[in-house]
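Visitor: Next up is a structure, given as structure tokens.
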Amino acid sequence: MKLISKIISYSVRLTLLCSFAAGSLALVYMKTLPMIEYQKKKEEIEFGRKKVLPQASIFKEEENYVAGYNEKNEIVGKIITSNIRGYGGNIRLMVGMDNENKIIGVKILEQYETPGVGDQILDKKFLSQFENKDETDINFRKDGGKIDAITGATISSKALLKGVQEVFKYVKE
């Protein structure tokens, strides 16, 4: 009988200790998660800025865009973000443009497209089609532009194209 009461006592103590440890771990996780997410997004945005405007070393946030400057403090371009509805949800993208409003680069920051199909908009081969293009080039080839849609992912392709076109509309305003 004494052995059974010891087993029960140790089991209760161990359960309480594990519950306390799990609760503490969950509390620390919940408290640090917003900071981790913020830092992750900040790093992603910094990486994206350098990718879409590589000749810039200094980035200054303006009212509705980010201006990129070189080491001599000369403006080399601007970065504009756009949100557009895709097949699987919103697509958030970043477009870097030079001073003549030609695209230097496009980076997708967030997307929820179908894996293996719509998420092909992330491929460098697709995104590189936008580089060195101006507003007149940003359309599908069948419509007189210079962009090839992704077979099987036309909704996602159209959404990204529309997002880039909206950036050009914004720049004109």
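FYI, in numbering that gives the first Met the number 0 the residues of the sequence shown are 0 to 172.
Glycine residues also receive a C-beta, built at the ideal position from the N, C-alpha and C atoms.
As the structure is a computational prediction, the values presented were derived from the model and not from experiment.
(1) Do I107 and L92 count as a contact pair if the criterion is CB distance below 8 Å?
(2) Starting from the C-beta of Q164, find all residues in its chain whose C-beta is less than 6 Å away, skip the five residues before and the five after it, and write them out in chain order.
(3) Tell me the DSSP secondary structure of I102 in three-state form.
(4) Measure the CB-CB distance between S182 and V94 and report whether it falls below 8 Å.
(5) What alpha helix (DSSP H) runs, 4 residues minimum, are completely inside the region 109–170?
(6) Are the region 107–125 and the region 49–65 touching, with three or more C-beta to C-beta distances below 8 Å?
(7) If you reduce the DSSP assignment to three classes, tell me which class G22 lands in.
(8) Measure the CB-CB distance between I57 and G162 and report whether it falls below 8 Å.
(9) Return the CA-CA distance between L16 and I35, expressed in angstroms with no decimal places.
(10) In chain order, what residues of the same chain lie with their CB nearer than 8 Å to the CB of N100, ignoring the 5 residues before and after it?
(11) Which runs of the alpha helix (DSSP H), 4 residues or longer, sit entirely within the region 42–66?
Guide: The relevant details are as follows:
(1) Cβ distance < 8 Å, so L92 and I107 count as in contact.
(2) I137, listed in sequence order.
(3) Strand at I102.
(4) Any question about residue 182 goes unanswered here, given that the chain covers just 0 to 172.
(5) Listed in chain order, they are 123–126.
(6) The region 107–125, when compared against the region 49–65, does not touch it at the 8 Å Cβ threshold.
(7) G22: helix per DSSP, three-state reduction.
(8) Between I57 and G162, the C-beta spacing is not below 8 Å.
(9) The alpha-carbon atoms of L16 and I35 are separated by roughly 27 Å.
(10) Once the five neighbours on either side are set aside, the close Cβ partners of N100 are D133, E134, F167 and V170.
(11) Entirely contained in the region 42–66, not one alpha helix (DSSP H) run reaches 4 residues.
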